[in-house]
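In the numbering used here, the protein residues as written are 6 to 371.
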């Protein structure tokens, strides 16, 4: 996100004249230097006021907020969408709506977690989610766009000293005041001043320690972080990067859990009997290791497999267990499973390939 925020400022700097770069440099100097004098007034606000006054008084040839488009002159009115309420309309807007909801919710939760760390206070994620959903529904009836918590603005808010919910209310009211009453002055604010503020936000958002931790963290975690970052930066789509990161994390997790299955041969009370103790999670990622852990040489008379500390999760796990049982039965051995929990036994009874005579009469309900 820090990289995206920084890259979003580049269009304002590419091809800009030296005056724009000077304003950006001056803005960053004020933002980081003014707090050494006093923290009573937020330094980003001071930077915007000083740079705006300088640009207006000297007539600098720089892009301003007014150059970005026309600003509204009145409040929006309540109205129902003038669209046909049909399944065809739903098919058009549903994918876009779902994407916006997912990305907006994701960024809001990321912002909430980041602010929790900065302020060392917990936040109610459920309340934030409900509030965002209700606000977006209401905004739609006034012709507004869907919104979410923004990391940049939130960091500016918190670093300026805000801690309560009233800060966001006053920010919205003051924004309305600026647009409706002082829009002529707002339109003359140089974009370079805002670029300086957002560069400050990107610097503050970036986790510089994560770069140093790359060499000490597990290789899987580093791969997930790098892949997610590259995808987000390349596509400018936060959702794609997060989905890729989640998928990679799931793959690495399954691979790790798949290696935790353990089959231990324990001493039998008599000859011709093999006893095994199985522990761990048996599913598609661990089924091959499970099946290969049994000794199939020789001709045992009876094989006991203790499944007390194991759990079967899917069809592949049942197939692996069937494979082990069938191999021993081909050698003429009697196979007995001990301690299988109710959920695993139910799964075996439903989808097991061979007869179920090896199952215990009753399973433990755990």
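Using N, Cα and C, we set each Cβ at its ideal position, and we do this for glycine too.
Just so you know, these numbers come straight off a predicted model, no measurement behind them.
- Three or more beta-carbon pairs drawn from the segment 64 to 78 and the segment 175 to 189 are found closer than 8 Å, and the two stretches are therefore classed as touching.
- In this structure residue 62 is exposed. Its beta-carbon is surrounded by fewer than 16 other beta-carbon atoms within 10 angstroms.
- A straight-line Cα-Cα distance of about 7 Å links residue 18 and residue 25.
- DSSP, read as helix, strand or coil, puts residue 155 in coil.
- Comparing C-alpha distances from residue 283 to each of 69, 298, 112 and 267 shows the shortest one belongs to 267.
- Partner residues in the beta bridge of residue 281, as assigned by DSSP, are 270 and 310.
- Remark: three or more beta-carbon pairs, one from each stretch, lie closer than 8 Å, so the segment 149 to 167 and the segment 117 to 125 are flagged as touching.
- Residues of the same chain with a CB within less than 6 Å of the CB of residue 29, apart from the 5 flanking positions on each side, are 197, 200 and 201 in chain order.
- Pairing residue 111 with residue 229 gives a Cβ-Cβ distance that is not under 8 Å.
- It is roughly 49 Å from the alpha-carbon of residue 218 to the alpha-carbon of residue 331.
- Secondary structure of residue 90 (DSSP, three-state): coil.
- The residue from 138, 296, 225 and 57 with its alpha-carbon nearest to that of residue 71 is 57.
- If you compare the alpha carbons of 60, 192, 204 and 327 with that of residue 6, the shortest gap goes to 204.
- Contact between residue 162 and residue 176 is confirmed by a C-beta separation of about 7 Å, below the 8 Å threshold.
- Our two residues, residue 13 and residue 208, have alpha carbons roughly 13 Å apart in a direct line.
- Sixteen is the threshold: since fewer than 16 other Cβ atoms of the shown chains lie within 10 Å of the Cβ of residue 37, the residue is exposed.
- For residue 343, no alpha helix (DSSP H) run applies; the uninterrupted beta strand (DSSP E) run containing it begins and ends at 339 to 343, by DSSP.
- Between the alpha carbons of residue 85 and residue 133 lies a distance of about 26 Å.
- Rounded to the nearest angstrom, the Cβ distance from residue 233 to residue 249 is 6 Å, consistent with a contact under 8 Å.
- A residue is called buried when at least 16 other Cβ atoms come within 10 angstroms of its Cβ; residue 137 meets this threshold and is buried.
- Inclusion of residue 352 and residue 323 in the CB contact set at 8 Å is warranted, their separation being smaller than that value.
- Judged by DSSP secondary structure, residue 183 falls within the alpha helix (DSSP H) whose first and last residues are 171 to 185.
- Remark: C-beta atoms of residue 287 and residue 317 approach each other more closely than 8 Å.
- C-alpha of residue 142 to C-alpha of residue 102: approximately 11 Å in a straight line.
- Separation of residue 337 and residue 259 (C-alpha to C-alpha, rounded to the nearest whole angstrom) is 35 Å.
- The Cβ atoms of residue 315 and residue 285 sit closer than 8 Å to each other.
- Residue 304 is bridged by DSSP to nothing; it lacks a bridge partner.
- Around residue 105, the same chain offers 151 as residues with beta carbons nearer than 8 Å, after the five sequence neighbours per side are excluded.
- The continuous alpha helix (DSSP H) containing residue 190 extends over residues 188 to 191.
- The shortest C-alpha to C-alpha distance from residue 124 to any of 59, 327, 168 and 347 is the one to 168.
- Around the Cβ of residue 147, a 10 Å sphere holds fewer than 16 other Cβ atoms; the residue is exposed.
- Collapsing the DSSP output to three states places residue 106 in a helix.
- Per DSSP, the beta bridge partners of residue 195 are 69.
- Residue 238 and residue 216 have their C-alpha atoms roughly 16 Å apart.
- Counting along the chain, the unbroken alpha helix (DSSP H) around residue 16 starts and ends at 15 to 18.
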